[in-house]
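Enquirer: Numbering (the working numbering), first residue to last: -18 to 128.
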Amino acid sequence: AWFDDPLFVNSPLGLSPTPLMVSMEQNLAEWMQMSNLLLDKPHHQTPRGLKFELAAESPLMMIMLNALSKRIYQRYPQATIKLRNWDYDSLDAITRGEVDIGFSGRESHPRSRELLSSLPLAIDYEVLFSDVPCVWLRKDHPALHET
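Encoded structure:
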């Protein structure tokens, strides 16, 4: 799993979200609201034969694909949606016009090669949400005693 977390676990009551999934709930709700606003923009004519080529990282695919595809098909019933996993070539695929929209995580550490500021100028982006990495250690973990 991309988050090193299953996001949902089996429980006696069915699937239950993990703490990570619960922590992402508000951000994902905001993202879905933004995507709904984009899809609700007025339009005069529903084009036929639209093709949506999307690239997304695995956890985002699992979380958003069903709702996003339903919204696209409600608006554009004749549309075709092609989804591919985000990979090393996805940014280039966007600049070449092979992918319409990409959903990917970026890093915030100043020395990372995955900074937003390192995106090609041809890429227009919007930050949908930010998170803060957390480390969970047991009380007697040796790392807590290092200086």
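Heads up, the beta-carbon is just placed ideally off N, CA and C, and yes, glycines get one too. Since this is a predicted model, take the numbers as computed values, not measurements.
Taking the C-alpha atoms as reference points, what is the distance between L109 and L9?
Expert: Position 128 of the sequence shown, counted from the first residue, corresponds to residue 109. Position 28 of the sequence shown, counted from the first residue, corresponds to residue 9. So the alpha carbons of these two residues sit roughly 8 Å apart.
Enquirer: Return the chain-ordered list of same chain residues with a C-beta closer than 7 Å to the C-beta of L125, the five sequence neighbours on each side being excluded.
Expert: Against the sequence shown, residue 125 aligns to sequence position 144. The answer, listed in chain order, is L118.
Enquirer: Which residues mark the beginning and the end of the beta strand (DSSP E) in which K32 is found?
Expert: Residue 32 sits at position 51 when you count from the first residue of the sequence shown. Where K32 is concerned, the enclosing beta strand (DSSP E) stretches over K32 to A37.
Enquirer: Could you say which of H90, C115, E88 and D73 lies nearest to P101 if we only look at CA atoms?
Expert: What you label residue 101 is simply residue 120 of the sequence shown in a count that begins at 1. Of the candidates H90, C115, E88 and D73, the one whose C-alpha sits nearest the C-alpha of P101 is D73.
Enquirer: Give me the DSSP bridge partner(s) of G(-5).
Expert: Walking along the sequence shown from the start, residue -5 turns up at place 14. Paired residues: S(-8).
Enquirer: Would you decide whether R104 is buried or exposed? Buried here means 16 or more other CB atoms lie within 10 Å of its CB.
Expert: As a working mapping, residue 104 is identified with position 123 in the sequence shown. Note that residue 104 corresponds to Ile in the displayed sequence, not to Arg. That one is exposed.
Enquirer: Would you mind stating whether A37 and L64 have Cβ atoms separated by less than 8 Å?
Expert: Here residue 37 refers to the residue found at position 56 when the sequence shown is read from its first residue. Here residue 64 refers to the residue found at position 83 when the sequence shown is read from its first residue. Contact: yes.
Enquirer: What's the call for F84, buried or exposed, on a 16-neighbour Cβ count within 10 Å?
Expert: The residue labelled residue 84 in the question sits at position 103 within the sequence shown. The residue in question, F84, is buried, as its Cβ has 16 or more Cβ neighbours within 10 Å.
Enquirer: Determine the closest residue to P28 out of S16, Q55, D(-14) and S(-3), with distance taken between C-alpha atoms.
Expert: Counting from one through the sequence shown, the residue named residue 28 turns up at place 47. The option with the nearest alpha carbon to P28 is Q55.
Enquirer: Just grab the DSSP bridge partners of L64 for me.
Expert: Locating residue 64 in the sequence shown gives position 83, counting from the first residue. According to DSSP, which records beta bridges pairwise, L64 is partnered with L35.
Enquirer: Use the C-beta contact count for Y69: other C-beta atoms within 10 angstroms, 16 or more gives buried, fewer gives exposed.
Expert: Against the sequence shown, residue 69 aligns to sequence position 88. Exposed.
Enquirer: Which runs of the beta strand (DSSP E), 3 residues or longer, sit entirely within the segment 47 to 111?
Expert: Within the segment 47 to 111, the complete beta strand (DSSP E) runs of at least 3 residues are 61 to 66 and 82 to 84.
Enquirer: Could you give the first and the last residue of the continuous alpha helix (DSSP H) run that contains V3?
Expert: Here residue 3 refers to the residue found at position 22 when the sequence shown is read from its first residue. Note, V3: alpha helix (DSSP H), P0 to L20.
Enquirer: Considering Cα atoms alone, identify which of E127, E95, S111 and L(-12) is closest to P40.
Expert: Here the question's residue 40 lines up with position 59 in the sequence shown. Measuring from the Cα of P40, the nearest candidate turns out to be L(-12).
Enquirer: Assign L118 to one of three DSSP states: helix, strand, or coil.
Expert: Start at 1 with the first residue of the sequence shown, and residue 118 comes out as number 137. L118: coil per DSSP, three-state reduction.
Enquirer: Using a Cβ-Cβ cutoff of less than 7 Å, which residues in the same chain neighbour P58 once the five nearest sequence positions on both sides are dropped?
Expert: On the sequence shown, residue 58 is found 77 positions in, with the first residue counted as 1. Excluding sequence neighbours, P58 sits near nothing in its chain.
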